[in-house]
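Everything on this sheet refers to the single structure shown next.
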Amino acid sequence: MLANFLIGLREGLEAALIVSILVAYLMKTNNRKGAKQVLWGVAIAVLTSVLAGIAIAEFIDVVPEGTNEIIAGLASIIAVFFVTWMIFWMARQARGLKAELHQKIDTAVKASALSLVGVAFFAVIREGIETAVFIWSASRATGNDTNPVLGAALGLITAAVLGYLIYRGALKINLSKFFKYTGAFLIIVAAGILAYGVHELQEIGWFPFLTETSYDLSGVIEKDGPLDTILRGTISFRSKPSMLESLVWFSYVIPVAYLYLKPAKKN
């Protein structure tokens, strides 16, 4: 639940900040009609993202046996690439994001009302689709008993409230530190989802090597017990991973965390 809450909170807040930047700029330039068009674009993007998430879940339930594992494994691996790119993109582009969005708005205003809807739609839909895929993958990895959907919904609702408060000027938070720390935690979450994807593909024989158990904590951590549920719900923990799963986990975490946390070079 916590992992999906954090995913929903971070991705939702990114989208909320983008929307607040667009609306605030239009209101500042006395373009209230344009602000409404932006909100229409946002609404369409949110609806599309929700439908995409539902479609993924429904499609998985009806595919033939065996295909389920293939889709779950590949989708989890793809979701990790998405979220990794997102983490680094946000860290790199955050400072120039506001100016970039203002420029797109100025261009769209000169074009047509539909262009404004399009700017808002495409600014939010990327976050929405990424969130839908990653939350679905995290839900598969953590299990339904960890309340993944509830966690994601609470995260998105919290993000919407925070975004509105920031827009109104009632709340100020250090966004740089927020995204840095949540990004670091999401790297751990992504590593667990990547290991889960490999596990699913090993189950159907795609990776018939390093299948031996790397460690077994099932005697210490009771299956489906409180600690097991908490660990699965936060970092997609497995008490008996294969050697390949453990190798993949460390091979992802070590270089990605190093690149993400290393100090930026000073010019």
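If you're matching positions, the sequence shown starts at 2 in the numbering used here and goes up one per residue. The beta carbon of each residue, even a glycine, is placed where N, CA and C say it ideally should be.
Is residue i helix, strand or coil by DSSP?
i      : result
Thr214 : strand
Gly35  : helix
Thr183 : helix
Val221 : coil
Ile158 : helix
Ser271 : No answer is possible for residue 271: it lies beyond the span of the chain, which begins at 2 and ends at 268.
Ile189 : helix
Thr30  : coil
Ile205 : coil
Lys263 : coil
Ser21  : helix
Phe238 : coil
Just list the residues that DSSP pairs residue i with in beta bridges.
i      : result
Ser243 : Thr214
With a threshold of 7 Å, establish whether the CB of residue i neighbours any heavy atom of the ligand COA.
i      : result
Lys105 : The model depicted lacks the ligand COA and carries no ligand whatsoever.
### Query
Can you find at least 3 beta carbon pairs, one from the stretch 3–18 and one from the stretch 158–171, that sit closer than 8 Å?
A contact is defined here as three or more CB-CB pairs under 8 Å, and the stretch 3–18 meets this definition with respect to the stretch 158–171.
### Message
If contact is defined by three or more beta carbon pairs under 8 Å, each pair taking one atom from either stretch, is the stretch 36–49 in contact with the stretch 183–194?
### Response
No, they do not touch.
### Query
Mind pulling the alpha helix (DSSP H) runs of 4 or more residues that sit fully within the stretch 56–92?
For secondary structure counted as the alpha helix (DSSP H) over 4 or more consecutive residues, the stretch 56–92 holds no complete run.
### Message
I'd like to know if the stretch 252–260 and the stretch 208–217 are in contact, where contact means that at least 3 CB-CB pairs between them fall below 8 Å.
### Response
No, the stretch 252–260 does not touch the stretch 208–217.
### Query
How about the stretch 177–189 and the stretch 23–43: do they share at least three Cβ pairs that are nearer than 8 Å?
no
#### Entry: Touch test, the stretch 100–116 against the stretch 74–92, Cβ-Cβ under 8 Å, three pairs minimum
Verdict: no, contact absent.
### Query
Is the number of C-beta pairs between the stretch 115–123 and the stretch 216–224 that are closer than 8 Å three or more?
no
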